[in-house]
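Residue numbers (my numbering), protein chains in the order written: chain A, 55 to 703; chain B, 55 to 703.
A quick write-up on the structure given underneath.
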């Protein structure tokens, strides 16, 4: 790590070796003009290295004189030592404004599951165990059936009772027993329901107890993520994600359901999702270099539609009012019966759902995050095209879903895109010149705007008064970057020649409107749910953000636009892919599998569309941050302070 | 029924209208010379109709004078009224001998399962029930998942708890619920284990409660028999039997096991047996004219090898010492997973076995005959190539198997054949002339001898002193019918021109030897088993004979040759295909499915080959009836009486 001091702001920040100066500046809350996303094209981010060593950062955009004075392009310069960096006058703003300027990006802290803690709490009880057995050989005096020999030995020597077997295992037993002279390893699958039978799910010759693996898999509408777990150590051996092959048949759940109604459509979608699952399985197995026969179990979670499609259950009635799912609890299923490339002994456990729009992915998050067994009153939000909300603790749980639209994933945004190379992911604006500082994923020239970047842009411009609480640009601002095109006002983030796409990258008022609608749906969703259960955000002990999007969102900015309520950011926890986490957790502790049935029964589902106050709350949320600015007291205070200081006041 | 009086014997018998006089004579114990089996070829069975009316019976074998005197051929004459029939002098024997002559054939009485009795005893509890339900439609206020709607209704309105579903049913639910406006019929499969969950195994639109069927199926080494049962009424709707397609790959279990060890052999045998099962299923469904979707369950039983082959479990170790089966209890299996043409909802229950040579067919017999829950001390014998023996009552059960060889099925007998058209199935002999009276199946010219006929021949000739207790013909008898051919003595049952096969039909001393070995194996088998458990045949309350053979065997004759012990014939019960009966019974009462696990645990298996006294007992049994004639006191008395009267004494 190196310490960077930015002058004249005198702000300091520590960043890892090799990071660029421009990212260091963004992290420190120091604005540097930068349109081209960090590829050195625009040449605007000239900074002077007053002390210390950087690599690169030299282009033809810098004159001989510049180089002589030790100027570098901030976007291309890699930090190699502690530095003192001066931002040239033309790139800085009035110091009085600087001091109230953007706070460092603060994303939620990641809740890591601590395997050792799990072990200490006695919760590390994998649902599948392996036991090595040396069975007595049959004789003329004692020629018990092979199965009785095995079961009897487990009962007498290992205290295992209530054992059951399925046909595929019985088929293996005679030959496997004799392969290494009656020395075998039995795989025991613990029952989900306490008091039920333990299943001998596999039998292998010799001692294979060190090969006991589980697969956790999140079946997302867009992506499928898999993890391979070592059940002996709790370790993640490998992981891999790929696009859900169903994407070719529809981007979202509704279009998939419609496709499934066509003749053969449902079967096709089932086939295709399993193809992707098999691709992911193959990758994680190959990456970890394990014997696939050692995989003992797979746990999957997805939203209700993804789950019904995986299981080849008609999803039609999920889409039609009154939105009825086929089932919420699914029995254990032989993975191979679903088409998965796994041993005949592998049972697939599929996370149960609550309703048509609160699916197994959310239940997995509730289970995996442990919110169902803590006293802490928690609000769990999975942000996506469909946002799901759960509130409660170990005593009660309520949930709801709302359609946020695809804005957070770049949908409905003129130059919106997924979080991929060339997406503007971070942003700052010079309050005087209104020149942008764009940071892109992969430091490539801008191609578009991703969800997290969009929130930062809108929040920043709103707080600076560049857009008003309706999301409209201040028509009086004098800058070529704000203009009207085809009757719509927009801000030019990057000029055509600085982009990858041969046209200007812009943020339009329609984009802002769509973002406001999306955040409004979510905000009013959890507000309605909280009200229905007689709570407010002030009563919450914790907010958990789930979903790929959640990991990148700047918490303060999300509060500025009114997506998140104004709470202590320390209360906000990010769990990443909650669905995958839930699958992982229930692979490591059988307690979750046992609890999940009760938990889903406990989760009271609210249909927001049937809750009259939802629409009122939604309409009141279609402002930045909200009609009621008093709900955002810190923002209100900052805006008042800024207004007093504003150079444009 | 018509009453027939035979003169000069003055014996009377009642027989059904249309029956032939020769069968009436055999039933009355009246000898009429008849070589050709009843086809009118030999012309020897001339009888005079003194009173009454017969149809037919006239051939060119009878002269005009004969016809004038009202002579008819007994084999061709159909009884149409009460009759007085005189047997001509040349066809009769000395009256004093007549009176001690063959007793009427007495086969065991058939134990019919009385469905009404079952109902009265509260035992009619089919394992699968159907319930018609009118579910509430979902609304915006109550949009529970389809499965919860169904399960909730069953719980609230029908007191059904602990319900579970499998994926194939969940898949059907959404569409079936809406097919007839949420009016459906649910099929409930009761658990085998008390306290376990009831499975909703099927769901159908509308009211289908009157269509609830079960299939019972016996998987024999040679034949497969199926029955279609109406679970509402207990009625047998149809039945059908066919040869097990595996026959092409080996006649007996050992040759099948050897074939199964060849590459692909096991899979082939599994495929082939399922083909036969499907043929039988198709036939019984078509014959009954039912909707196959109404079939709710199938129960199958077979010997251990047949069962392992059906389930595709390697049977190799059944054949190899120390004769270890893979399993004895099998889990419920989806019938379709075995390749059966049945609905996805149908579970196949396969009867458990006890050991490699006491299989599910025997357990089914023990269960179906009810011997496992009666106080009566019962000896159960299934006679076949492999004979299985069970002894015990509700408190204890012991079992053993012995290899009898194929004599009872016509194997190892020079002109032995299965019980098919042209097989001599009944026989009597003129003690003076030694002329035979052959009765064949289908009244066709003789082709060979079936098992039941063989026993009657050997018993009759032994009791008359024509063969001795070693099974050798009396060398002093003067008749062309007893002769030496290729060094072996034989009796000519029918001359070449009276047969279908263009050669004499004979009974040889080697045939008799083979029969003695077969009956000796069985007799010594149950004697050993009885001795091992500290009993003798005198302590038995009941003997149950099972197997196709058992239905035809003449009880007294079977006692004469020493196959059965000399007991009151009233104690002997015939249950026919015990395996099929057991499958039927457990389709009608779930109690059997619950009890069977305990019963098989209770059945102590004795390996006769490991019991030293077995060989001694076997050797002592290789006589007619046995070395120890005192064990057959009635026979001993009869033989003494006959000796005194014998015309050849």
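Note that beta-carbon positions come from the ideal geometry of N, C-alpha and C, so glycine has one too.
On a predicted model such as this, the values are computed, not experimentally measured, just so you know.
Other residues of its chain near residue i: CB distance less than 6 Å, five sequence neighbours each side excluded
i             : result
residue 346/B : 339
residue 171/A : none
residue 601/A : 436, 437, 438
residue 674/B : 681
residue 397/A : 347
Residues of its chain near residue i, where Cβ-Cβ distance is below 8 Å and the 5 sequence neighbours each way are ignored
i             : result
residue 625/A : 594, 595, 596, 597
residue 154/B : For residue 154/B, the pLDDT reaches just 41, beneath the cut-off of 50, and the residue's location in the model is therefore unreliable, although a value from the coordinates is still provided. Excluding positions up to five away in sequence, the list reads 692, 695, 696, 699.
residue 336/B : 395
residue 123/B : 102
residue 529/B : 543
Neighbouring residues, chain B, relative to residue i (Cβ below 8 Å)
i             : result
residue 194/A : 375, 376, 661, 664
residue 568/A : Within 8 Å Cβ-Cβ: nothing; residue 568/A doesn't reach chain B, min ~28 Å.
Chain-ordered neighbours of residue i on chain A, where CB pairs are closer than 8 Å
i             : result
residue 365/B : 221, 224, 225
residue 200/B : 371, 378, 379, 380, 381
Whole-angstrom C-beta distance between residue j and residue i, which should lie under 8 Å
i             : j             : result
residue 506/A : residue 395/A : Not really, about 36 Å apart at Cβ, beyond 8 Å.
residue 135/A : residue 56/A  : 6 Å
residue 350/A : residue 262/A : The Cβ separation is near 10 Å, so there is no contact.
residue 432/A : residue 243/A : In fact, because the Cβ distance is near 31 Å, the residues do not count as touching under 8 Å.
residue 565/A : residue 501/A : Wrong, their Cβ atoms sit about 15 Å apart, outside the cutoff.
Test item: CB-CB of residue i and residue j under 9 Å
i             : j             : result
residue 334/A : residue 295/A : yes
residue 453/B : residue 445/B : yes
residue 410/B : residue 377/B : yes
residue 586/A : residue 654/A : no
residue 418/A : residue 632/A : yes
residue 230/A : residue 257/A : yes
residue 648/A : residue 214/A : no
residue 107/B : residue 137/B : yes
residue 524/A : residue 614/A : no
residue 634/B : residue 272/B : yes
residue 427/A : residue 366/B : no
Proximal chain B residues relative to residue i, where beta-carbon distance stays under 7 Å
i             : result
residue 368/A : 228, 229
residue 256/A : Ordered by position in chain B, no residue passes the 7 Å Cβ test against residue 256/A, which lies about 15 Å from the chain.
Within chain A, the residues that residue i reaches when beta carbons sit closer than 7 Å
i             : result
residue 218/B : 385
residue 357/B : In chain order: nothing, as chain A lies at least about 14 Å away.
Cβ shell of residue i (< 7 Å), same chain only, five flanking positions each side left out
i             : result
residue 527/A : 520, 521, 536, 543, 545, 563
residue 78/A  : 58, 67, 69, 133
residue 572/A : 458, 459, 461, 462
residue 477/A : 471, 494, 495, 501, 502, 503, 504, 507
residue 703/B : Note that residue 703/B scores a pLDDT of 43, beneath 50, so its modelled location is shaky and nothing firm can be said.
residue 549/A : 89, 558
residue 222/B : 398, 399
residue 574/A : 672, 675, 676
Neighbouring residues, chain B, relative to residue i (Cβ below 9 Å)
i             : result
residue 440/A : By Cβ distance, chain B contributes nothing, its closest Cβ being about 17 Å from residue 440/A, past 9 Å.
residue 266/A : In chain order: nothing, as chain B lies at least about 23 Å away.
9 Å Cβ cut-off: residues of chain A touching residue i
i             : result
residue 644/B : Within 9 Å Cβ-Cβ: nothing; residue 644/B doesn't reach chain A, min ~19 Å.
residue 492/B : Neighbours of residue 492/B on chain A: none; closest Cβ ~46 Å, over 9 Å.
message: Just to confirm the assignment: which complete alpha helix (DSSP H) runs, minimum length 4, are found wholly within the stretch 215-303 of chain B?
response: Counting whole runs of 4 or more residues, the stretch 215-303 of chain B contains the alpha helix (DSSP H) stretches 221-233.
query: Taking only runs of the alpha helix (DSSP H) that begin and end inside the stretch 613-689 of chain B, which ones reach a length of at least 4 residues, in chain order?
result: Runs found: 632-642, 644-656, 666-674.
- prompt: Counting only runs that start and end within the stretch 369-443 of chain B, where is the alpha helix (DSSP H) found for 4 or more residues in a row?
  reply: Taken in chain order, the unbroken stretches of alpha helix (DSSP H) that lie wholly in the stretch 369-443 of chain B and span 4 residues or more are 370-373, 414-422.
query: Which residue spans inside the stretch 296-365 of chain A form an unbroken alpha helix (DSSP H) run of at least 4?
result: Counting only runs of at least 4 residues, the stretch 296-365 of chain A fully encloses the following alpha helix (DSSP H) elements, listed from N- to C-terminal order: 307-315, 319-342, 358-364.
task: With a floor of 4 residues, list each alpha helix (DSSP H) that falls wholly inside the stretch 81-128 of chain B, ordered by position along the chain.
output: Fully contained in the stretch 81-128 of chain B are the following alpha helix (DSSP H) runs of length 4 or more, in chain order: 118-122.
query: What residue ranges within the stretch 457-505 of chain A form continuous alpha helix (DSSP H) runs of no fewer than 4 residues, ordered along the chain?
result: As for any alpha helix (DSSP H) of minimum length 4 sitting wholly inside the stretch 457-505 of chain A, there is none.
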